[in-house]
Amino acid sequence: MPPERTIFLVDGQSFYASVEKAAHPEYHDKPVAVGDPERKSGIILAACPIAKSKGVTTAERIGEALAKCPDLIVIRPRMQRYITISLLITEIFESITDQVEPYSIDEQFLDVTGSIATFGSPAEIAQSIQSRILLSTGVWSRVGIGPTKILAKMATDNFAKKRSDGIFKLGYENMESDLWPLPVHHMFMVGSRMTKHFMYMGLNTIGDIARMPLADFKRRMKQRMGKQSDIQAEYYWQTARGIDPSPVVASIRGNLKSVSHGKALRSSLYRKLPDIEVVLLELVVEVCRRARRLGYQGRVVSVGAAETDGERSSGFGRQMTLQQPTSLTHEVAAAARQLFVEHWRGLPLSHLYISLTQLSDDKTYQLTLFEDRAEAYDIERATDEIKDRYGSHALMRASSLLSSGVARERSEQIGGHYK
């Protein structure tokens, strides 16, 4: 049999807030949170331990957080900075093992099974990682250790985060004594809705699921959730027992299925079609540019929208198959506009989404008798090169300068947050 794996899940404590506190030593002993200080209705993206001790929680409104903690320092997010720090941390991990799998911007899996002979025991490797990350970035890390990714993740979330040394090993030898007594909502991938189902079935702890024979658990799940619950039941039963054969995969990108872009909108500003068309075109521009950068073209254009007037709400998602694959802005924009106009009910828009699917390589494309598509691609790619070199705002359509345009604001953001 192969040796038992040793897997880490390393988590950066209050990652965004920790990065900001490292950049502002004067805030070392002060409560700090990351969010837009100019928007009291905005949400807290991260809060440092001092802020959390005063009742501030992630995802609550900034105004509510300030009411609890009047001396809270709210710092506008800098997403590019956080990405850069995350990549630096990845480099630290890769100096120890080549098996590093990002799970989120502040969490990464490492398989250190083959590194123990060189770098010492799992605890020594974990301590070395913590020290190097802290010295390099100012971020304190917690390390969960386990023989599987599932156990490493639950070791971090349920135990390492609560320990002063930030390290905890959860294996088959202590799983029953440490993990199984925990409430069922502490199990990985069990949210509030699933917790209610388990509580209704009388399964209050993780151990209640783990100790039950799989056949009995499947039967109970069927009674509660229907005939299609067998796969779910097996997943939760295996999770409770720490069973997870999935390896740490250094490259997690598979074949791309779609290229998409969306934008949440202030519905009070997007009531009329001309205003909505501006954003629609901006989203198409970004989707097509991204597709060309990745070397793809798509044959299916999809449009999704959410609309509300405060009393009524509706939404739709529709798609159209084009005559030939494309990543040309004007072709995708024509299809997207047609889909939107046909299915929009006329209510103010709160969200708009565009995607390109059924992707294929863009090294070859269909020529037509009535349009020089080769020339159109050359123009688009020349535009892409200018934007790549000088920034997304270097070239914009005139419509983006209208008050309804969002492209200028988006050019200063990553993932909806400022760089």
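Residue numbering for the sequence shown follows full-length UniProt numbering, beginning at 1 and increasing consecutively.
Glycine included, each C-beta is placed from N, C-alpha and C at the ideal position.
Status (buried if at least 16 other CB within 10 Å, exposed otherwise) for residue i
i	result
H261	buried
R289	buried
P325	buried
V19	buried
S14	buried
E282	buried
R292	buried
T118	exposed
R211	exposed
D11	buried
R241	buried
V341	exposed
S246	exposed
S131	exposed
E307	buried
E4	exposed
Q80	exposed
K272	exposed
L256	exposed
T148	buried
L401	exposed
P25	exposed
V406	buried
A155	buried
Y390	exposed
D244	buried
L367	exposed
Rounded distance between the beta-carbons of residue j and residue i, thought under 8 angstroms
i	j	result
V34	A22	The pair is not a contact, with the Cβ atoms about 13 angstroms apart (cut-off 8 angstroms).
L359	Q297	7 angstroms
G144	F8	7 angstroms
V32	I75	6 angstroms
F109	A152	7 angstroms
L45	P77	6 angstroms
Bounding residues of the alpha helix (DSSP H) (the contiguous stretch that carries residue i)
i	result
D11	Premise fails: D11 lies in the beta strand (DSSP E), 7 to 12, not in any alpha helix (DSSP H).
I243	No alpha helix (DSSP H) holds I243; DSSP gives it neither H nor E.
L402	Premise fails: L402 is in no alpha helix (DSSP H) and is neither H nor E.
R271	Where R271 is concerned, there is no enclosing alpha helix (DSSP H), given that its DSSP letter is neither H nor E.
H343	329 to 343
A17	15 to 23
Residue j beta carbon less than 8 angstroms from that of residue i
i	j	result
A67	T57	no
D111	V248	yes
P348	S399	no
V332	V300	no
S41	G55	no
M201	R220	yes
V355	V259	Here residue 355 is Ser; the residue named in the question, Val, does not match the sequence. Contact flag set, yes.
M199	T239	no
N158	P183	no
G207	P181	yes
E375	L328	no
V285	A336	no
residue 483	G114	Lying before the first or after the last residue shown, residue 483 is absent from the chain, which here runs from 1 to 419.
A160	I150	no
S141	I125	no
I185	M225	The sequence given here has His at residue 185, not Ile. For H185 and M225, no; Cβs fall outside 8 angstroms.
Y82	I105	yes
S314	R345	yes
I73	A59	no
F316	A334	no
L352	K263	yes
H343	R318	yes
Endpoints, beta strand (DSSP E) assigned at residue i
i	result
T308	296 to 308
K263	258 to 264
F316	313 to 326
- Counting only runs of 4+ residues fully inside the segment 118 to 153, write out the alpha helix (DSSP H) ranges in chain order. 122 to 137
- Taking only runs that begin and end inside the segment 32 to 112, name each unbroken beta strand (DSSP E) of 3 or more residues, in chain order. 32 to 34, 73 to 75, 100 to 104, 107 to 111
- Item | Start-end ranges of the beta strand (DSSP E) lying completely within the segment 165 to 228, minimum 3 residues | 167 to 169
- Query: Residue ranges of each alpha helix (DSSP H) run of no fewer than 4 residues wholly in the segment 361 to 396, ordered along the chain?
  - Reply: 373 to 390
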